[in-house]
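Undergrad: Submitted below is the structure of interest, expressed as structure tokens.
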């Protein structure tokens, strides 16, 4: 939804700005001395050093998008199938249809999705940490 993007863009930009400001300037100076192209500087310096924070931002947004309920209900109401989210579907199944068991099953699906996203991020961060420790030795 456009409103959701508009609401979260400043926070995501702050995370991206923090990631870019955390990169030491001497790395870019060394790349300029080595006459690295802009693409190589981006691919070899900027993106790898920004990836952990950008991954965190993607994880936060993905889990929030999966759980999105209040914005959908406030804008379109509970009966609009065009803006159906998992959380809105949960609400409709449990409170409108009275199928508590099916609603519980849907909530477990949401839990599994969020845990899968978080585990992918944790594995990525542990591999980044292992690479940093191997590079420091």
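Residue numbers (the numbering used here): 17 to 153. The beta-carbon is built from N, C-alpha and C at its ideal position, and this holds for glycine as well.
#1: Return the CA-CA distance between residue 78 and residue 135, expressed in angstroms with no decimal places.
#2: Just how far apart, CA to CA, sit residue 149 and residue 45?
#3: If you draw a straight line from the C-alpha of residue 41 to the C-alpha of residue 25, how long is it?
#4: Are three or more beta carbon pairs between the segment 118 to 133 and the segment 89 to 100 nearer than 8 Å?
#5: What residue range does the alpha helix (DSSP H) around residue 109 cover?
#6: What ranges does the alpha helix (DSSP H) occupy inside the segment 41 to 72, keeping only unbroken runs of at least 4 residues that lie completely in it?
#7: Between 84, 131, 124, 30, which has its C-alpha nearest residue 20's C-alpha?
#8: With DSSP run on the structure shown, which of helix, strand or coil describes residue 117?
#9: Only counting the same chain, and skipping five residues up and downstream in sequence, which positions put a Cβ closer than 7 Å to that of residue 104?
#10: What three-state label does DSSP hand residue 96 in the structure shown?
TA: In short:
#1: Cα-Cα distance, rounded: 13 Å.
#2: C-alpha separation (whole angstroms): 24 Å.
#3: When rounded, the distance between both Cα atoms is 26 Å.
#4: Verdict: no, contact absent.
#5: Under the DSSP assignment, residue 109 falls outside any alpha helix (DSSP H); it carries neither an H nor an E label.
#6: Qualifying alpha helix (DSSP H) stretches, in chain order: 41 to 49, 54 to 57.
#7: Just measuring C-alpha positions, the residue of 84, 131, 124, 30 sitting nearest residue 20 is 84.
#8: DSSP, reduced to helix, strand and coil, places residue 117 within a helical segment of the structure shown.
#9: Residues 85, 88, 89, 94 of the same chain have their beta carbon placed closer than 7 Å to that of residue 104, with the five preceding and five following residues left out of the count.
#10: Shown here, residue 96 sits in coil according to DSSP, grouped into three states, outside any helix or strand.
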